[in-house]
Amino acid sequence: MRVGRMLGAALLVAALTVTGPAAHASAGPPPVKMRVATYNIAAGAGVGGFDLDRTAAAIRETHADVVGLQEVDVHWSARSEWRDTATELARRLHMRVRFAPIYSLDPLTPGEPRREYGVAVLSHFPIVSFENHDITRLSTQDPDPVPEPAPGFGEAIVRARGALLHVYVTHLDYRPDPSVRATQAHETVQIMGEDGRRAPQLLLGDLNAEAGAPELASLWTHLVDGYGSVGTPPGLTYPAAEPVKRIDFVCGANVGVHRAVVPDSTLATQASDHRPVYADITVPRKRH
932 MRVGRMLGAA
942 LLVAALTVTG
952 PAAHASAGPP
962 PVKMRVATYN
972 IAAGAGVGGF
982 DLDRTAAAIR
992 ETHADVVGLQ
1002 EVDVHWSARS
1012 EWRDTATELA
1022 RRLHMRVRFA
1032 PIYSLDPLTP
1042 GEPRREYGVA
1052 VLSHFPIVSF
1062 ENHDITRLST
1072 QDPDPVPEPA
1082 PGFGEAIVRA
1092 RGALLHVYVT
1102 HLDYRPDPSV
1112 RATQAHETVQ
1122 IMGEDGRRAP
1132 QLLLGDLNAE
1142 AGAPELASLW
1152 THLVDGYGSV
1162 GTPPGLTYPA
1172 AEPVKRIDFV
1182 CGANVGVHRA
1192 VVPDSTLATQ
1202 ASDHRPVYAD
1212 ITVPRKRH
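Below is the structure:
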């Protein structure tokens, strides 16, 4: 009986996450089903060190159609063997990729590729456009940083079987002082608001705070926390081996969220210091 009540409540909440055109899907074409995920890959390093094949396997295990990645190295440093981890993961997974650097530095050796670090979107569906937005950041490359605009808030528009989905990927500030995260959350809502109130949207990311943190409150005026709505508590994601916090999120607006999972497989607990989160969603098709 208890299971039945829980399932009913989850389905009700999932239905309530659909707003805008999705709320009237019965009057138009059926929505598109897909699986999406977020994953802080720790530059491909987990238990035992760097292993990009293991990172790819952990992503593959989610069976996600669209994935937002954080802590992505592109020729960044020796920790990831100076490799372009974004492109290599896309190749291994047979997915499209777009990369949004937070930092883009001159190479240590003239003529070598630029050293870059940031976030990325992987997609089995075509990516029709991509933008790297600025939000307020404290640089980790400056010994005495001040809050200032910097890139690394990626937005991909994905076309999936007649649906257009805005996929945002973010990595918020990690420091104990929540003030920069609060500013980042506010700016996130402002940027996402430019898509229009009916646009299907996802926010995938490592928010470095739990859902109830005051600095994230502005996000929930625009977005639904997928796992918080339909997942089975507690859904902890960090640290991966023995997690004590839920700081990795799949959030949506104008989409249906029907299932959300934090896996506990060997890959999920060893490939990074974060666990991935995936969700099954529906996206309204664009009407003509």
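According to my numbering, the residues represented by the sequence shown are 932 to 1219, in order. Each residue gets a CB set at the ideal place from its N, CA and C atoms; glycine is no exception.
By DSSP, does residue i sit in helix, in strand, or in coil?
i: residue 1208; result: strand
i: residue 1153; result: coil
i: residue 1203; result: coil
i: residue 952; result: Below a pLDDT of 50, predicted positions are generally treated as unreliable, and residue 952, at 37, falls in that range; no measurement from the model is reported.
i: residue 965; result: strand
i: residue 1178; result: coil
i: residue 974; result: helix
i: residue 1146; result: helix
i: residue 1162; result: coil
i: residue 1001; result: strand
i: residue 1120; result: helix
i: residue 1072; result: coil
i: residue 1040; result: coil
Ignore the nearest five residues each way along the sequence and tell me which others in residue i's own chain have a CB closer than 8 Å to its CB.
i: residue 946; result: Summary for residue 946: the model assigns pLDDT 39, below 50, so the residue's position carries little reliability, and this model does not support an answer.
i: residue 962; result: 953, 956, 1094, 1187, 1213, 1214, 1215 and 1216
i: residue 1198; result: 985, 988, 989 and 992
Find the nearest neighbour of residue i within the set the options, judged by alpha-carbon distance.
i: residue 1196; options: 1128, 1046, 960 and 988; result: 988
i: residue 1178; options: 985, 1206 and 1003; result: 1206
i: residue 1055; options: 1121, 1119, 1133 and 1090; result: 1090
i: residue 1201; options: 981, 959 and 960; result: 981
i: residue 1118; options: 1130, 1129, 1153 and 1141; result: 1153
i: residue 1004; options: 1044, 996, 994 and 997; result: 1044
i: residue 1175; options: 1161, 1193, 1185 and 1026; result: 1193
i: residue 1122; options: 1047, 1156 and 1063; result: 1063
i: residue 1035; options: 1048, 1016, 1026 and 1025; result: 1048
i: residue 1020; options: 1031, 1051, 1032 and 1009; result: 1051
i: residue 983; options: 1166, 1129, 1155 and 1023; result: 1023
i: residue 1097; options: 1164, 1124 and 1161; result: 1124
i: residue 1030; options: 1084, 1173, 1185 and 1165; result: 1084
i: residue 978; options: 1069, 1172, 1080 and 1141; result: 1172
i: residue 1132; options: 1018, 1014, 1145 and 1181; result: 1181
Is the beta carbon of residue i within less than 8 Å of some heavy atom of the ligand ATP?
i: residue 1163; result: Ligands displayed in this structure: none; no statement on the ligand ATP is therefore possible.
Within the same chain, show all residues whose beta-carbon is closer than 7 Å to that of residue i, passing over the 5 residues directly before and after it, in chain order.
i: residue 1217; result: 1093, 1094 and 1095
i: residue 1011; result: 974, 975, 981 and 1004
i: residue 971; result: 1001, 1002, 1137, 1179, 1203 and 1205
Does the beta-carbon distance from residue i to residue j come in below 9 Å?
i: residue 1006; j: residue 1041; result: no
i: residue 1116; j: residue 1138; result: yes
i: residue 1001; j: residue 1136; result: yes
i: residue 1169; j: residue 1204; result: yes
i: residue 959; j: residue 1099; result: no
i: residue 986; j: residue 968; result: no
i: residue 1074; j: residue 1067; result: no
i: residue 1289; j: residue 1087; result: Nothing about residue 1289 can be reported from this structure: the residues present for the chain run from 932 to 1219 only.
Which residues in the same chain have their Cβ closer than 6 Å to the Cβ of residue i, if we skip the five residues on either side of it in sequence?
i: residue 1211; result: 966, 1189 and 1190
i: residue 996; result: 965, 966 and 1055
i: residue 1032; result: 1047 and 1049
Next item on the list: Report yes or no: do the segment 1052 to 1061 and the segment 1101 to 1109 share at least 3 C-beta pairs separated by less than 8 Å?
Entry: no
Checklist line | Three-pair Cβ contact test at 8 Å for the segment 1099 to 1106 versus the segment 1121 to 1137 | finding: yes
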